[in-house]
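Notes for the one structure printed next.
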Amino acid sequence: MSRRRQIYEGKAKILYEGPEPGTLIQYFKDDATAFNAQKKGTIQGKGVINNRISEYVFTRLNHIGVPNHFIRRLNMREQLVRQVEIIPIEVVVRNVAAGSISKRLGIPEGEPLPHTLIEYYFKDDALGDPLIAEEHIACFGWANNEEMQDISAMAIRVNDFMCGMFAAINIRLVDFKLEFGRIWDGDYSRVILADEISPDGCRLWDMTTGEKLDKDRFRRDLGGESEAYQEVARRLGLLQDDNGPSEVFDLSKHRKLRGK
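Numbering (the working numbering), first residue to last: 1218 to 1477.
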């Protein structure tokens, strides 16, 4: 068996050369990081769950006309995707104050924002992915005006769709991160959604209890990370009795077991 050529390894995924030109194999790891990789750990089974959730979301987004890099899932941890030229910008869509915006602006966590807010961060781990303005993006040529219009329009459309999708399963979409890339046809390029959409990059709160069902459980040492990810997949209908725990995730019971 020939050894696959690794193209890139990030904090949560590995990209391998795909079977056809213009494709990549995206492998989901169980590794977990926080605070710009200052905190590292493992969430058992995270890669399997994120692969399924990202497949589900990207497939549904494609059905409503949001172009993305997903082609098909290959196995439990891998999916075939289109190779893109990643735009070095992380797009964060916020509906509710949480995380860095609460720290930066002193807004109480959990307070709904007056309207959906889109923020941009420069993708550079060494610099800590700093917050940037659209003027920085234009000045340094990271994306042109037409591309930014497409990115912001897609981000709002993704937010509208996912807010409804998660609300239907009693989950509040607090905020989430998106990445975009270019695909080329000769001298012409267009922007499509790339990377992944999963509890790794979304803040997801139970609408009734406010319990966190995302990577904040790892960031804040709350425990129950694997169960939280499984609960999101279960509510989306992606985990059945034969391939995952069948009980409803009870975080209050989890806290009692931890003595909290």
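Don't be surprised by glycine CBs; every beta carbon is placed ideally from N, CA and C.
Taking every protein chain shown into account, the CB of residue 1372 has 16 or more other CB atoms within 10 angstroms, so this residue is buried. Under the DSSP definition of a beta bridge, residue 1338 partners with 1307 and 1348.
For residue 1381, the enclosing alpha helix (DSSP H) covers residues 1362 to 1384. Inside the stretch 1219 to 1249, DSSP marks whole beta strand (DSSP E) runs of 3 or more residues at positions 1223 to 1226, 1230 to 1234 and 1240 to 1245, from first to last along the chain. Per the Cβ contact rule, the stretch 1301 to 1309 is in contact with the stretch 1338 to 1346 (3 or more Cβ pairs under 8 Å). A direct Cα-to-Cα measurement between residue 1268 and residue 1413 gives close to 8 Å. For residue 1417, the CB contacts under 7 Å within the same chain, skipping 5 residues up- and downstream, are 1229, 1267 and 1432 in chain order. Within its own chain, the residues whose Cβ lies closer than 7 Å to the Cβ of residue 1297, once the five positions on either side in sequence are excluded, are 1235, 1240, 1242, 1288, 1289 and 1291, listed in chain order.
In the structure shown, residue 1343 adopts helical secondary structure according to DSSP, grouped into three states.
If you look at residue 1317, you'll find it in the alpha helix (DSSP H) that goes 1317 to 1322.
In this structure, the CA atom of residue 1314 is about 6 Å from the CA atom of residue 1329. Counting only residues of its own chain and dropping the five nearest sequence neighbours on each side, residue 1456 has a CB closer than 7 Å to the CB of 1447 and 1450. Distance from residue 1424 to residue 1388 at the Cβ level is roughly 6 Å; contact confirmed, criterion being Cβ atoms closer than 8 Å.
In the structure shown, the three-state DSSP call for residue 1333 is strand. Bridge partners of residue 1402 according to DSSP: 1405.
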